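**Q**
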Amino acid sequence: MIDDFGSLGPGFDDGQVLHAAAGALIGSALSLGIAVYMRLGSDEAENTI
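Per the numbering used here, residue 1 is the first one in the sequence shown, and the count goes up by one each step.
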């Protein structure tokens, strides 16, 4: 039973873990990109560039 916790061993579905991690990373990157895009789209940003 303890062996299942060794570096994503047989007790884990590696594909699901990687997919969840990738999804979280993409989600945070997407929200950050949208925030930057909205900020650059404002008049203040256009005037400073």
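A virtual CB, placed ideally from N, CA and C, is assigned to each residue, including glycine. Every value quoted in this text rests on a predicted model; they were computed, and no experiment measured them.
Using a Cβ-Cβ cutoff of less than 7 angstroms, which residues in the same chain neighbour residue 29 once the five nearest sequence positions on both sides are dropped?
**A** Nothing listed; no residue qualifies.
**Q** Helix, strand or coil for residue 1, going by three-state DSSP, please let me know.
**A** In this predicted model, residue 1 has a pLDDT of only 41, less than 50, meaning its place in the structure is not dependable; the value taken from the coordinates is given anyway. If DSSP states are grouped into helix, strand and coil, residue 1 belongs with coil.
**Q** To the nearest angstrom, how far is the alpha carbon of residue 34 from that of residue 24?
**A** Each residue's Cα considered, the two are about 15 angstroms apart.
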